[in-house]
Amino acid sequence: MSTERYNAPEREPHWQAVWAERDVFKASDDFTRPKCYVLEMFPYPSGRIHMGHVRNYSMGDVYARYKRAKGFNVLHPMGWDSFGMPAENAAITQGIPPATSTYGHIDVMRRQLKTLGLALNWDREFATSDVDYYRHQQKLFCDLFEKGLAYRKSSKVNWDPVDMTVLANEQVIDGRGWRSGALVEQRELTQWFFKITHYAEDLLAALETLENWPEKVRLMQANWIGRSEGALLRFAFVERGTLSVDHLECYSTRPDTLYGASFMALAADHPLTRELAEGQPELAAFIEECARLGTSAADIETAEKKGFDLGLTVAHPFIEGKTLPVYAANFVLMGYGTGAIFGCPAHDQRDLDFARKYGLEVTSVVAPFDSPDTAVPIEDVAYVDDGVLVNSGPMSGLKKNEAIRKAIEVLAEQTTPSGVPIARSQTQYRLRDWGISRQRYWGCPIPIIHCDDCGPVRVPDADLPVRLPDDATFDKPGNPLDRHPAWKQVPCPACGKAARRETDTMDTFVDSSWYFARFTAPHAETPTQADAANYWLPVDQYIGGIEHAILHLLYARFFTRAMSDTGHLEDLSEPFAALFTQGMVNHETYKGLEGDIAGQWIAPDEIRLEGEGAARQATHIASGTPIAIGAVEKMSKSKRNTVDPDDIIGSYGADVARWYMLSDSPPERDVQWTEAGVQGAGRYNQRLWRLINEAATVMADADAAMPDTFGEHALALRKATHKALNSVSRNIEDLRFNVAVAQLYEVTNALAEAVGRRDDGMAWALRESSTMLVQMTGLMMPHLGEECWQRLGYNTLLADQPWPQVDQALLVDDTITIAVQVNGKRRDELQIAKDAAEADVKAAALALDGVQRALEGKTVRKVIVVPQRIVNVVV
RNA sequence: GCGGACGUGGUGGAAUCGGUAGACACACAGGACUUAAAAUCCUGAGAGGGUAACCUCGUGCGGGUUCAAGUCCCGCCGUCCGCACCA
0 MSTERYNAPE
10 REPHWQAVWA
20 ERDVFKASDD
30 FTRPKCYVLE
40 MFPYPSGRIH
50 MGHVRNYSMG
60 DVYARYKRAK
70 GFNVLHPMGW
80 DSFGMPAENA
90 AITQGIPPAT
100 STYGHIDVMR
110 RQLKTLGLAL
120 NWDREFATSD
130 VDYYRHQQKL
140 FCDLFEKGLA
150 YRKSSKVNWD
160 PVDMTVLANE
170 QVIDGRGWRS
180 GALVEQRELT
190 QWFFKITHYA
200 EDLLAALETL
210 ENWPEKVRLM
220 QANWIGRSEG
230 ALLRFAFVER
240 GTLSVDHLEC
250 YSTRPDTLYG
260 ASFMALAADH
270 PLTRELAEGQ
280 PELAAFIEEC
290 ARLGTSAADI
300 ETAEKKGFDL
310 GLTVAHPFIE
320 GKTLPVYAAN
330 FVLMGYGTGA
340 IFGCPAHDQR
350 DLDFARKYGL
360 EVTSVVAPFD
370 SPDTAVPIED
380 VAYVDDGVLV
390 NSGPMSGLKK
400 NEAIRKAIEV
410 LAEQTTPSGV
420 PIARSQTQYR
430 LRDWGISRQR
440 YWGCPIPIIH
450 CDDCGPVRVP
460 DADLPVRLPD
470 DATFDKPGNP
480 LDRHPAWKQV
490 PCPACGKAAR
500 RETDTMDTFV
510 DSSWYFARFT
520 APHAETPTQA
530 DAANYWLPVD
540 QYIGGIEHAI
550 LHLLYARFFT
560 RAMSDTGHLE
570 DLSEPFAALF
580 TQGMVNHETY
590 KGLEGDIAGQ
600 WIAPDEIRLE
610 GEGAARQATH
620 IASGTPIAIG
630 AVEKMSKSKR
640 NTVDPDDIIG
650 SYGADVARWY
660 MLSDSPPERD
670 VQWTEAGVQG
680 AGRYNQRLWR
690 LINEAATVMA
700 DADAAMPDTF
710 GEHALALRKA
720 THKALNSVSR
730 NIEDLRFNVA
740 VAQLYEVTNA
750 LAEAVGRRDD
760 GMAWALRESS
770 TMLVQMTGLM
780 MPHLGEECWQ
790 RLGYNTLLAD
800 QPWPQVDQAL
810 LVDDTITIAV
820 QVNGKRRDEL
830 QIAKDAAEAD
840 VKAAALALDG
850 VQRALEGKTV
860 RKVIVVPQRI
870 VNVVV
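According to numbering that gives the first Met the number 0, the first sequence is numbered sequentially starting from 0.
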């Protein structure tokens, strides 16, 4: 019988319509059922979906469908991270209002996603630029503000003088604005901050509990939070002059090396340095030079240590009469600790470089453990390892950690002239508070009103939301909200006097910091709804790109804590119980070599490939000129090495794209998109359809009841199927889709072999096996799954079927094959009863031909029998 | 510089606990079907040797532990990623 080819592009929309019509994937409001919240990072509506989305959402979809079949109430929603600069830039360059382009993009991408046949809760869809979303975010902001978790402070920012806006660090490339190309200036601006540092310790400590997060991500976050323990030290000025303070504060993790201190150094932008610069033009020039210094890796690598003698001295806290000169130095950062350090050249490489340059003394105060009486001599390399303190007063003879404790203990007793203790232990974090102000239009307005008398006042709940004006103009650089003629003019909610709206909008990372919570009750009148949030959260499985390892995932962890502390969540601190970071989709790159296209990137569909291996050649179809085949890189518009999911779905179908994205490569690793690969997936798709048709025909006359006995081949098929079901289930739980796919190929091969054989009970076994195979492959290829389900004679929906049960009895074999080694080298194999006695296994192993050959002329010294695994004969 | 991950056939990769390395797939070669092609089906294949049965070598390199190492330990080399003047 010939079977027609399965026409995916025609059948897929049919099944999508059936699922939608019957509302198959709707999450239930029955909060007593076991639940599973599956979430993939929601997309930014850039215009079209790309293969990375296909990969990401296919993974989540297989998992969500699997959990549904296992009986869980599954929440698997989709939405749009729709605020952001690209839409505003399009408004500037093309005059299209951000809302128009954004919602246009969403319509296109929603249509594209729907063609993938994802089991999504579309009834919960929202975009972060919807007023109905950002009004709740404004409420959250107000509550954080009242709780002191949102505050204003003056801080240094990257200012683009052409675009007249603040840029994030990631948007500054080689010291220039990424869009304008203008040299970025450091400006002091008053900005809004979220107090993420309030949770620094908890955010760090709780990483330990995130067992189902990748180790890599936890480590990156731990490094980012950057906890260090040390001491806050205060050095009294010997000569105070006209200075406004009487002592200098610095932070050190090595107070044990205080006896080796030889100078103090302040950051160029330390308040004291600035104070002194008032009357010293040379110092002012030095400060400016430091500010200009690049912060790129290469700049720091090559930058010379430079300082400026401030003409001040401080008293050494331990050594009577010893003073230390105070410098301003380019390698001291204002952003960490107190912006001041004590320099101990012998035991810090930077301090040593500085001391050598300015001829400062270098005193070694640490001796190695193997010669504890002699301080390590220092030449060009500082000694930073642990050792025994020498010439260090009360710390002498102690190891590093003991010495640190001792130093703090002794110094805490002393005070500066103004009465503050000279030292106390302090834990320091690298983590900074999160600056969320953006001088941009297309973001969530910060709901604050500035009043000359009352200061910043939060917008009262009754006046929320603060809507973005529809009539902003984008023809000039700068913030459209700030120059809008009327928008910011409002009375003060507190005193009624004329006041001004805050015109900054929130960083778009705020939007994505709580969307997962909103999905649990997307239409609620408050940001969250307690019963729904308590039931659904935390997200059971979160899937997304590794590029969000720090920012988004840390912000979301912070926000969850802040929402708990403001009553929007009930005692929840971790939003994502399990995290999976998937790899990227890569493709070869192509470049023109001759004529008009020389040096230009060429898209895959504009070339023709021939040959293989070293002989592979590419030709430009339009011009016939040769093309250079370049590196395999992440699909990107700029390199033109993208493949449009629409084209693949249109020719092969969504199931093929999904199957290909899940097979072969481990999901956490990058996958290379190749034409051959997608063709292979397409062939399997057709093969499965043919096979199921054939099986359906053969099994048509099978009895409904399970036969009492099965022939050899029927039993083998049943065993292969149940073993695969067992391991496929486990692999899907572990998101090891590539291994699951390989096992599905094995079942397919077993079924293909069995379908032509006549055997006792074969018709029944074929029905069982093909049913299970369709259920398993249906997770990855849901449309073909429904088609096959129907062909197998079922009049239900595959999507509604419970996951099949493994027959444990079929997992174990009575007779097993074990390898027999002689001196660790495999010489033969042995078929033997599973529960054979050890002595019998041993005897049978020694009798094997291959073993006998290897043993010739040798004496057996020992035989190791590992039950059901291996036999090793030692001679 | 610091921290981390990885390294297996022509390719993607598999090997859950230290127990038959290379499952499964792609690509390839040969064959069948066809006037032909596509599609499909069958067969082959880590490398080297041998007519063959088989033998030797083999998981980046060098050591080690063990009856047994892709897997554990030590030292290198390479690739990738993150952080980076963080006191």
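All C-beta atoms, glycine included, are put in the ideal place defined by N, C-alpha and C.
Starting from the Cα of residue i, find the closest Cα among the options and give me that residue.
| i | options | result |
| --- | --- | --- |
| residue 591 | 775, 602 and 33 | 602 |
| residue 211 | 28, 540 and 659 | 540 |
| residue 848 | 821, 807 and 640 | 821 |
| residue 458 | 431, 483, 436 and 501 | 501 |
| residue 209 | 756, 728 and 572 | 572 |
Please report the straight-line C-alpha distance between residue i and residue j, rounded to a whole angstrom.
| i | j | result |
| --- | --- | --- |
| residue 870 | residue 850 | 11 angstroms |
| residue 165 | residue 85 | 15 angstroms |
| residue 598 | residue 632 | 17 angstroms |
| residue 773 | residue 788 | 7 angstroms |
| residue 12 | residue 64 | 18 angstroms |
| residue 267 | residue 277 | 13 angstroms |
| residue 521 | residue 689 | 44 angstroms |
| residue 427 | residue 661 | 44 angstroms |
| residue 542 | residue 624 | 43 angstroms |
| residue 296 | residue 80 | Confidence is the limiting factor: at residue 296 the pLDDT is only 44, short of 50, which leaves the residue's position unreliable, though a coordinate-based value still follows. If you take the alpha carbons of residue 296 and residue 80, they lie about 32 angstroms apart. |
| residue 857 | residue 873 | 10 angstroms |
| residue 162 | residue 139 | 30 angstroms |
| residue 53 | residue 778 | 15 angstroms |
In its own chain, which residues sit with a C-beta less than 7 angstroms from the C-beta of residue i, not counting the 5 before and 5 after it?
| i | result |
| --- | --- |
| residue 111 | 47, 48, 644 and 645 |
If you follow the alpha helix (DSSP H) that residue i is part of, which residue opens it and which one closes it?
| i | result |
| --- | --- |
| residue 289 | 280 to 291 |
| residue 481 | 479 to 482 |
| residue 91 | 84 to 93 |
| residue 529 | 529 to 535 |
| residue 731 | 711 to 732 |
| residue 421 | Here residue 421 belongs to no alpha helix (DSSP H), and DSSP marks it neither H nor E. |
Could you name the residues of the same chain whose beta carbon sits closer than 8 angstroms to that of residue i, not counting the 5 residues immediately before and after it, in chain order?
| i | result |
| --- | --- |
| residue 833 | 811, 812, 813, 814, 815 and 867 |
| residue 685 | 4 and 5 |
| residue 312 | 236, 237, 238, 322, 323, 324 and 325 |
| residue 825 | 818 and 819 |
Quick one: grab the DSSP three-state call for residue i.
| i | result |
| --- | --- |
| residue 830 | strand |
| residue 105 | helix |
| residue 507 | helix |
| residue 522 | coil |
| residue 186 | strand |
| residue 251 | strand |
| residue 343 | coil |
| residue 847 | coil |
| residue 75 | coil |
| residue 15 | helix |
| residue 263 | strand |
| residue 609 | strand |
| residue 647 | helix |
| residue 302 | coil |
| residue 380 | coil |
| residue 449 | strand |
Output the boundary residues of the beta strand (DSSP E) element that contains residue i.
| i | result |
| --- | --- |
| residue 231 | 227 to 235 |
| residue 589 | 584 to 591 |
| residue 457 | 454 to 457 |
| residue 166 | 164 to 166 |
| residue 630 | 625 to 633 |
| residue 861 | 861 to 865 |
| residue 616 | 616 to 619 |
| residue 581 | 578 to 581 |
Got a sec? Which residues, its chain only, sit under 6 angstroms from residue i by beta carbon, not counting five neighbours each side?
| i | result |
| --- | --- |
| residue 761 | 713 |
| residue 417 | 245 |
| residue 718 | 809 |
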